[in-house]
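Asker: Quick one: this structure, given as structure tokens, is what I'll be asking you about.
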Amino acid sequence: MFIAQNLKIIRHNIPPQVTLVAVSKTKSLADIKEAYDAGQRDFGENKVQEMTSKHEVLPNDIRWHMIGHLQSNKIKYMASYVHLIHGVDSLELLAEINKHASKHNRIISCLLQVYIAQEETKFGLDFNEIEALLQSETFSQLQNIKVVGLMGMASFTENESQIKTEFHSLNLFYQKLKVTQPETSNLKLETLSMGMSGDYRIAIDEGSTMVRVGSAIFGSRNYIA
Ligand SMILES: *Cc1c(COP(=O)(O)O)cnc(C)c1O
Numbered sequence: 007m008f009i010a011q012n013l014k015i016i017r018h019n020i021p022p023q024v025t026l027v028a029v030s031k032t033k034s035l036a037d038i039k040e041a042y043d044a045g046q047r048d049f050g051e052n053k054v055q056e057m058t059s060k061h062e063v064l065p066n067d068i069r070w071h072m073i074g075h076l077q078s079n080k081i082k083y084m085a086s087y088v089h090l091i092h093g094v095d096s097l098e099l100l101a102e103i104n105k106h107a108s109k110h111n112r113i114i115s116c117l118l119q120v121y122i123a124q125e126e127t128k129f130g131l132d133f134n135e136i137e138a139l140l141q142s143e144t145f146s147q148l149q150n151i152k153v154v155g156l157m158g159m160a161s162f163t164e165n166e167s168q169i170k171t172e173f174h175s176l177n178l179f180y181q182k183l184k185v186t187q188p189e190t191s192n193l194k195l196e197t198l199s200m201g202m203s204g205d206y207r208i209a210i211d212e213g214s215t216m217v218r219v220g221s222a223i224f225g226s227r228n229y230i231a
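Set out below in structure tokens:
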């Protein structure tokens, strides 16, 4: 019951054009079903095996988002069904996703993860690396993936102005890319994935089009994921 209520509150807080990804990592099938029955269709997981076993038993119209750091040997398990991969942080990974997507005759949508936090622990590429990747010959040949935007995580801090500054810089870069990178068959920038339970309101103020919210919907997690 509280899941449906939390979802309602969060949906009320976000504009209709912002996609809400319900982050269900470590959460039970029953919890996900409750969110599903309340109308939620986009779910995010950070482990491929966990996502795949949930995908196998839950309704087919769920759009599964891989939001975690990706190991290339796990791509094959989700290549047939994954809706969007958020955390792509190298050309090698993109090429590997492309390979598996092609086996399934699919085009898999991906977001490039950008490093914006003042922390050592977060994955991602810096602005220059993103531009170099998008302009590379190798990238232009990957026709079974499509880069549809960027994803970023702010620093884990109470300092809201720092979080705001980090999201702001990511949006500025995203807007710049939209102007400078011509749309091609495998590049169409339309998604800026930023914002989690603690900072999604700031992220939306700073231009987010997709928020990834876990604990504010499902309650705190039982173990570190
Ligand atoms: C777990 C996770 C989230 C959701 O975190 P909450 O604070 O529970 O909302 C969002 N994005 C990523 C990449 C995550 O790993």
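In the numbering used here, the protein residues as written are 7 to 231. Even glycine gets a Cβ: it sits at the ideal position worked out from N, Cα and C.
Should Val54 go down as buried or exposed, given a rule of 16 or more other Cβ atoms within 10 Å for buried?
Answerer: The sequence position of residue 54 within the sequence shown is 48, counting from 1. Burial call: buried.
Asker: Across which residues does DSSP place Val263 in a beta bridge pair?
Answerer: With the chain represented from 7 up to 231, any question about residue 263 goes unanswered, as that position is not in the structure.
Asker: Kindly give me the distance between the Cβ atoms of Leu193 and Gln187, rounded to whole angstroms, as I take these residues to be in contact under 8 Å.
Answerer: Against the sequence shown, residue 193 aligns to sequence position 187. Against the sequence shown, residue 187 aligns to sequence position 181. Leu193 to Gln187, Cβ: 6 Å. Contact.
Asker: Could you have a look at Arg48 and say whether DSSP puts it in helix, strand or coil?
Answerer: Within the sequence shown, numbered from 1, the residue matching residue 48 stands at position 42. For clarity, residue 48 is Asp in the given sequence; the question names Arg instead. The answer is strand: DSSP assigns Asp48 an E or B state.
Asker: Go through its chain and collect everything with a Cβ distance to Glu102's Cβ below 6 Å, but skip five positions before and after it.
Answerer: Taking the first residue of the sequence shown as 1, we reach residue 102 at position 96. Result list for Glu102: Ser78, Ile81, in chain order.
Asker: Spatial neighbours of Ala231 within its chain, please: CB distance less than 8 Å, with the 5 preceding and 5 following residues excluded, ordered by chain position.
Answerer: Taking the sequence shown and counting its residues from 1, the one referred to as residue 231 is at position 225. For Ala231, the predicted structure reports a pLDDT of 48, less than 50, and the residue's modelled location is therefore unreliable. The matter cannot be settled from this model.
Asker: How many angstroms separate the CA atom of Gly1 from the CA atom of Ser203?
Answerer: Beyond the ends of the chain as shown, which are 7 and 231, falls residue 1; an answer cannot be given.
Asker: At 4 residues or longer, and completely inside the stretch 139 to 202: list those alpha helix (DSSP H) runs for me, N to C.
Answerer: Here the runs fully enclosed are 143 to 146, 166 to 186.
Asker: Taking all protein chains shown into account, decide if Arg227 is buried (16 or more other Cβ within 10 angstroms of its Cβ) or exposed.
Answerer: Residue numbering aside, residue 227 sits at position 221 when the sequence shown is read from its first letter. With fewer than 16 other Cβ atoms within 10 Å, it is exposed.
Asker: Quick check: what's the CA-CA separation for Glu189 versus Leu195?
Answerer: Locating residue 189 in the sequence shown gives position 183, where the first residue counts as 1. Locating residue 195 in the sequence shown gives position 189, where the first residue counts as 1. Within the model, the alpha-carbon separation for Glu189 versus Leu195 is close to 8 Å.
Asker: Between the Cα of Val154 and those of Asn12, His89, Ala85, Ala123, spot the shortest distance and give me the residue it belongs to.
Answerer: Locating residue 154 in the sequence shown gives position 148, counting from the first residue. Closest option to Val154, Cα to Cα, is His89.
Asker: Taking 7 Å as the cut-off, is the beta-carbon of Lys60 closer than that to any non-hydrogen atom of ligand 1?
Answerer: What you label residue 60 is simply residue 54 of the sequence shown in a count that begins at 1. No, the beta carbon of Lys60 sits no closer than 7 Å to any heavy atom of ligand 1.
Asker: Taking 8 Å as the cut-off, does the stretch 111 to 118 touch the stretch 148 to 162 (at least 3 CB pairs, one atom from each stretch)?
Answerer: yes
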